[in-house]
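Q:
There are 4 protein chains.
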Amino acid sequence: MALKKAGVLGATGSVGQRFILLLADHPDFELSVLGASSRSAGKEYKDAVTWKQTSLLPKSAEKIVVSECTVEAFKDCDIVFSGLDADYAGPIEKAFVEAGLSVVSNAKNYRREVDVPLIVPIVNTEHLSAIEKKVTEAKAKTGKKPGFIVCISNCSTAGLVAPLKPLVDSFGPIDLLTTTTLQAISGAGFSPGFPGIDILDNIVPYISGEEEKIEWETKKILGGLNSEGTEFVPISDDEMKVSAQCNRVAVSDGHTECIALRFKNRPAPSVEAVKQCLRDYVCEATKLGCPSAPEHAIHVLEEPDRPQPRLDRDRDAGYGVSVGRIREDPVLDFKMVVLSHNTVIGAAGAGVLIGEILLAKNII
Amino acid sequence: MALKKAGVLGATGSVGQRFILLLADHPDFELSVLGASSRSAGKEYKDAVTWKQTSLLPKSAEKIVVSECTVEAFKDCDIVFSGLDADYAGPIEKAFVEAGLSVVSNAKNYRREVDVPLIVPIVNTEHLSAIEKKVTEAKAKTGKKPGFIVCISNCSTAGLVAPLKPLVDSFGPIDLLTTTTLQAISGAGFSPGFPGIDILDNIVPYISGEEEKIEWETKKILGGLNSEGTEFVPISDDEMKVSAQCNRVAVSDGHTECIALRFKNRPAPSVEAVKQCLRDYVCEATKLGCPSAPEHAIHVLEEPDRPQPRLDRDRDAGYGVSVGRIREDPVLDFKMVVLSHNTVIGAAGAGVLIGEILLAKNII
Amino acid sequence: MALKKAGVLGATGSVGQRFILLLADHPDFELSVLGASSRSAGKEYKDAVTWKQTSLLPKSAEKIVVSECTVEAFKDCDIVFSGLDADYAGPIEKAFVEAGLSVVSNAKNYRREVDVPLIVPIVNTEHLSAIEKKVTEAKAKTGKKPGFIVCISNCSTAGLVAPLKPLVDSFGPIDLLTTTTLQAISGAGFSPGFPGIDILDNIVPYISGEEEKIEWETKKILGGLNSEGTEFVPISDDEMKVSAQCNRVAVSDGHTECIALRFKNRPAPSVEAVKQCLRDYVCEATKLGCPSAPEHAIHVLEEPDRPQPRLDRDRDAGYGVSVGRIREDPVLDFKMVVLSHNTVIGAAGAGVLIGEILLAKNII
Amino acid sequence: MALKKAGVLGATGSVGQRFILLLADHPDFELSVLGASSRSAGKEYKDAVTWKQTSLLPKSAEKIVVSECTVEAFKDCDIVFSGLDADYAGPIEKAFVEAGLSVVSNAKNYRREVDVPLIVPIVNTEHLSAIEKKVTEAKAKTGKKPGFIVCISNCSTAGLVAPLKPLVDSFGPIDLLTTTTLQAISGAGFSPGFPGIDILDNIVPYISGEEEKIEWETKKILGGLNSEGTEFVPISDDEMKVSAQCNRVAVSDGHTECIALRFKNRPAPSVEAVKQCLRDYVCEATKLGCPSAPEHAIHVLEEPDRPQPRLDRDRDAGYGVSVGRIREDPVLDFKMVVLSHNTVIGAAGAGVLIGEILLAKNII
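In the order they appear, the protein sequences are chains E, Z, B and A.
Here full-length UniProt numbering is used: the first residue of the first sequence is 1, the next is one more, and so on.
Here full-length UniProt numbering is used: the first residue of the second sequence is 1, the next is one more, and so on.
Here full-length UniProt numbering is used: the first residue of the third sequence is 1, the next is one more, and so on.
Here full-length UniProt numbering is used: the first residue of the fourth sequence is 1, the next is one more, and so on.
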């Protein structure tokens, strides 16, 4: 099968670099267009980028000449992955969609749009049905595939909802949910990124906007669609209360979250039932055979002191979420520790897997 | 006034070294006896200890000849501060009390005894009334001051209860309380202490026994006494549910806790009332004029990203607890971030301030 | 004696904040004018600054209204301490000197001027004679004290030359000198400062311009004056070869340097003679009784694993340099480890002590 | 070809775990016997080990029943990799050799034996000729392959000598060599390993015995054999002077060394010639096609701020050494920064590659 042409917006930034790492030798996609600011445009990628990944810059990307982020430059792409900063993403992504392009974006700008799916690819791929429907209907009508955008969730939301999805599917709604996060600094990018002096022998108990994102995105991702299947209906604040407390800690990659939850239904399941439910979970991406899909979307750890970011963040190449210390909670029903790789399942990696799912579902 | 003779048990360990730092040039106490293992006994302190403090070993302690931890060696002490490991503290402290000595201990061994006060010196000094009563009655009866022990609380409990005390005094009981801790490694001592490889680019979401300590000690510290004033009556599990999740992070000193709480009484106070209550709090040790008592037992911070351990742990020489990000919580009533200095208000420093309070109250 | 009026240029930056901490309750100086960018000018200092020190913002500085960095604003200052970035320092400091002000600067701009003393205040205070002469002569001629500038050395140079000075005084010239530095990140300031991702589980073996500074400044500081006593004559490259390799490491404060040196004269002294020479060293600032002068400018440590930044950087409030592991070197004569506090003796602290020395010598 | 049976001594320790990771699915070897203390013997490996690697415990090793470290248990092994601590390695390894076993050891005990090769497998594989000769002669005489031991070098020596070898081969002897190391903590193992409190916001400028190892081992590795080809003749102290200063820093894996060197021959080569020599280097293991041999044993980096441990330690799976900042040195001829992966090319990884070379040369 011919490879799908992939473009990357914001190619020199931290998320863009991760997209390039993941797409460079991908079985489904070929890196076709790299877009960056006009400062970089016209240069070979290797000369435009300050490469800061632990793997070498892939040979196949080195000599691609960087374009500006225009529709014209990307018009032949089958899919466009956006690593743009929120400051720039808004109008560019809008123009791309209007021009008929298929965009998977890491930016926060359109996450709250009522007809834009907010996807964690090991969690709520059923939400892509709204796009599928839109594409099918438009094709039937106009003969042309329409543009659309799929948003990647916030990184700390991704880890949080991973274990919640199978639990809700098995045991019914969660009505109270708390998470205290210990978040890695890689999410803050690297120009300049998170200041060293703030993280050395220190923690910062605040990440601007993060708590609000978790509290809201969780309700959209675990929510449903309207009866037409075209718009997303988040769980209401009355049905589920979510509280997040976010901290930045001295970890390079891997967000740890200490979560607690209460099910609406009584009696609550047993600890063992919760564990078994998580162990049994197989996400749709895995069933579809997507190349990046994890063998196990969720790893249940039994050691008392796990998961730990340095030891566990790379399970299934970062696409597997680790859950440990599952136990009863004196205040809610259960508490547990969730670890997810923020730049994989929480950012560029999620984007690539979403792309694979779109392809597997014939949406692109 | 003549200085009170102070002894230190476990003088070469990490808690013992802190006791020595704080007592060496103290206005009320003079370092009189230093007890350690038989390996150290007989040596001058400077030769027995591997000094690992950021301040130099005080001159006045250098040449004290280390004793074994026997009643005989400490018999002339007006007060004995114990930094012994729990593995050794049990029988030694018991023997000291039986011999009539006044012991302030950092070990966990006797914290749950029904007639032993568990004290955070900026919080529940009224609990010392049980000792005062015991001493007064024994003196009246026998003419002799009896031995007793006062326990210092667990380090992460100390920070947690500091803001809770004035809140409960003002707004009535708390019925639900959660804390997720991000704890410094200094609490783990230093021979060998917490492994570097476990804390470098990592967190460990588990501290053995810590969650249980927090959940139980909070109920004793915030609880009362029986009608005779001789035994402690912790708040029951029905009245207050407490849930702790404990993490070890890459911080040298200073425990950060993301807490949330619900008051029993409705309506809950306003955020501003909560802040004002905390700002107004003056602890008894401050009123008594104890030399180590903080000017402000609680510092309410308004900056959105504070408290931070590196910047805020040394308020009032570590005796002041910082509370920030006080805000409403979607699940309980309020959430906030509490920072306390674990080796000061959470360990040796608490011990010394307890000693000062005992002196101010004429109990020693 | 009336306090001298002190101004601070660049008052909101990292060096400026340290100046303010040190000057706020100083026995000789009173904080009089605080200069910053036009963005800050007109605000009270507490509202203009993002205070990032471990000590609280001094009360006496809180309400000072920030000025722009103009001669007019500072014209009544007896001394001006400059924490300006090199990008701004050049013309501002020049204008101040021309207007007759006495400037002590942390910026690098004028360090290489032939008539500007480059001072490490525990090392080469005799170099201030050039200023003394200039001031005396100008006063004799014009009746007015002229403006002048004294430069603070680069931070890693300061630690390096501290032990070299007494050694050269005792044993004659050093002809070969190597240093490999492990430098703290605080020197990089904090907006944005050194990136966290570059220092977490990492070192960066490069600091732009730093090696050149060390290699050149050492020769000026250890060098002499011309016969008129008006110009500085650095040691020539032929007389002394200096090689520096600079690394940024995960340390907040405190530069560690692994140095090695060879004396020109044969035979070389013994290790014990070297140690004794360092132990015996008393710097002029100490003899003058300057308030910030260290009791011991150099601390010779005998423990095999010291000095360590966390444990030893605060000796004499950061004005004392620690030297350990003094031993013979198979390639040169001796090797040793030198630790100095980069923001004290290597930056603002040095500036304040220079100010005290200028006062003690009646130059201001 | 049938897989060679491999045994691992010290299988539960940090070096042993790395051996198991590397051997578990190896194309040449099969994990056959795992030896540990009597406390572990008799248990399945997964139950005996506290696995602390970032990769999961290989399935193929999980159920191997751990043996004691006796000749009897290992007698069928074609090769034995020893990760034993020096405290235990001496008599066990001796017994194994006497029993005819082929041992590759990470312990320091026999490194200085005159007939034991000390091998960095990307550097001095020609030294294996002494073993080849011994084996050939013994077989000829007795018909039986004799036992022997090959020692892996100290970790910081391995990185240092990697660039030196091609330089000496091209430009003749080095007469002066200095290295200041910034060493990772993983080398210190993990029970208990290096204390966290010593590495948090700190460096420790001392590693017991390390400087002596570097200074001596370098001379053996770069030295030759006697005329019979049976004994190793280190370079004499007169011919080459080596000076090491060793520091422990907050890095998990990867030793950085700031080195400087002087060639004996004049004139010294140009910087470009030095770089080209390093770029051109192909080690014998690569030529032999060993599975773990690096494509590039040496990577020459041109970016001014590289190599950095987090970004560059994994080149060629840790078997490639990175060299950057190659430049003239004012004191010696050249200075440069060398980065090597201490647990790969400096420990277990080196052992496995030595095993592959022994196999490729038909020595086992």
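All C-beta atoms in this analysis are idealised placements derived from N, C-alpha and C, irrespective of residue type, glycine included.
For chain Z, find out if any of its Cβ atoms is closer than 8 Å to the Cβ of T54/E; answer yes or no.
A: T54/E does not count as touching chain Z.
Q: Would D175/B pass as a contact of E239/B if the rule is Cβ separation under 8 Å?
A: Yes, Cβ-Cβ distance for D175/B and E239/B is below 8 Å.
Q: Helix, strand or coil: how does DSSP classify A162/B here?
A: Correct three-state label for A162/B: helix.
Q: Between the Cα of I298/A and those of G318/A, P291/A, P304/A, G289/A, spot the shortest distance and give me the residue it belongs to.
A: Closest by alpha carbon: G318/A.
Q: Could you work out which residues of chain A lie near P307/Z, taking near to mean beta carbons separated by less than 9 Å?
A: In chain order: nothing, as chain A lies at least about 18 Å away.
Q: For the beta strand (DSSP E) containing R262/A, list its first residue and its last residue.
A: 255-263 is the extent of the beta strand (DSSP E) around R262/A.
Q: Have a look at the DSSP bridge pairing and note the partners of R248/E.
A: For R248/E, which the question treats as bridged, DSSP gives the partners Q183/E, V204/E.
Q: Taking only three categories from DSSP, how would you classify P117/A?
A: Here P117/A sits in coil by DSSP.
Q: Got a sec? Which residues, its chain only, sit under 7 Å from I357/E by beta carbon, not counting five neighbours each side?
A: Correct list, in chain order: P121, T125, L128, A285, L288, C290.
Q: From F29/E, K219/E, A348/E, D85/E, pick the residue whose C-alpha is nearest to that of C69/E; which is it?
A: Out of F29/E, K219/E, A348/E, D85/E, D85/E has the C-alpha closest to the C-alpha of C69/E.
Q: For L311/Z, decide whether its Cβ has a neighbour in chain B, counting only Cβ atoms nearer than 8 Å.
A: Closer than 8 Å to some Cβ of chain B, the Cβ of L311/Z qualifies, so yes.
Q: Select from R306/E, D316/E, G223/E the residue whose C-alpha is nearest the C-alpha of E295/E.
A: Selected option, being the one with the closest Cα: D316/E.
Q: Of the choices S227/A, P146/A, E215/A, G229/A, whose alpha-carbon is the least far from that of S236/A?
A: Answer by Cα proximity: E215/A.
Q: DSSP beta-bridge partners for K335/E?
A: DSSP output for K335/E lists A260/E, R327/E as bridge partner(s).
Q: Does any CB atom of chain A fall closer than 8 Å to the CB of L200/E?
A: Yes, contact with chain A.
Q: Taking only beta-carbon atoms, is E228/B less than 8 Å away from chain A?
A: So no, E228/B is outside the interface.
Q: Buried or exposed for V114/B, please, with buried defined as at least 16 other CB atoms from any protein chain shown within 10 angstroms of its CB.
A: Label assigned to V114/B: exposed.
Q: Note down, in chain order, every chain B residue with its Cβ under 7 Å from the Cβ of D314/Z.
A: The answer, in chain order, is T54.
Q: Looking at D314/B and V204/A, is the spacing between their C-beta atoms short of 8 Å?
A: It is not a contact, given that the beta carbons lie outside the stated cut-off.
Q: Against I185/Z, what residues of chain A qualify as contacts under a CB-to-CB distance less than 8 Å, listed in chain order?
A: Within 8 Å Cβ-Cβ: G196, I197, L200.
Q: Quick one: using the 10 Å Cβ neighbour count with 16 as the cut-off for buried, is D169/A buried or exposed?
A: Under this definition D169/A is an exposed residue.
Q: So, is the C-beta of V242/E closer than 8 Å to a C-beta in chain Z?
A: Yes, contact with chain Z.
Q: If the cut is a Cβ gap below 7 Å, which residues of chain C does F190/E touch?
A: Here the protein chains are E, Z, B and A, and chain C is not one of them.
Q: Quick one: give me the first and last residue of the beta strand (DSSP E) that E217/B is part of.
A: Taken as a continuous stretch (DSSP letters only), E217/B belongs to no beta strand (DSSP E), being part of the alpha helix (DSSP H) at 210-221.
Q: From the DSSP secondary-structure annotation, give me the bridge partner or partners of E30/B.
A: BP columns for E30/B point to K5/B.
Q: With a threshold of 6 Å on Cβ separation, who are the neighbours of G16/E within its own chain once the five nearest residues in sequence on each side are excluded?
A: Result list for G16/E: V8, G10, G83, in chain order.
Q: Alpha carbons only, please: which of P309/B, V103/B, L222/B, S208/B is nearest the one belonging to T256/B?
A: Considering only alpha carbons, the answer is P309/B.
Q: Could you tell me if G172/A is buried or exposed, where buried requires 16 or more neighbouring beta carbons within 10 angstroms of its beta carbon?
A: Classification for G172/A: exposed.
Q: Taking the alpha-carbon of L332/A as reference, which of H341/A, L57/A, C283/A, P267/A has the nearest alpha-carbon?
A: Residue P267/A is the option with its Cα nearest to L332/A.
Q: Taking the C-alpha atoms as reference points, what is the distance between Y206/B and N265/Z?
A: When rounded, the distance between both Cα atoms is 60 Å.
Q: Taking only runs that begin and end inside the UniProt domain "Semialdehyde dehydrogenase NAD-binding" (5-131) of chain A, name each unbroken alpha helix (DSSP H) of 4 or more residues, in chain order.
A: Correct list: 14-23, 45-48, 59-62, 71-74, 86-98.
Q: Let's test the definition: count the other Cβ atoms within 10 Å of the Cβ of V233/Z and tell me whether it reaches 16, buried, or not, exposed.
A: Label assigned to V233/Z: exposed.
Q: Helix, strand or coil: how does DSSP classify L288/Z here?
A: Coil at L288/Z, not helix or strand.
Q: Closest to T181/Z by C-alpha separation, out of L339/Z, K361/Z, F19/Z, L353/Z, would be which residue?
A: Nearest option by C-alpha distance: L339/Z.
Q: Within 8 Å (strictly less), CB to CB, does S252/E reach chain B?
A: Cβ-Cβ to chain B under 8 Å: yes for S252/E.
Q: Can you check which of these residues, V271/E, G209/E, L160/E, is closest to K219/E by C-alpha distance?
A: Closest by alpha carbon: L160/E.
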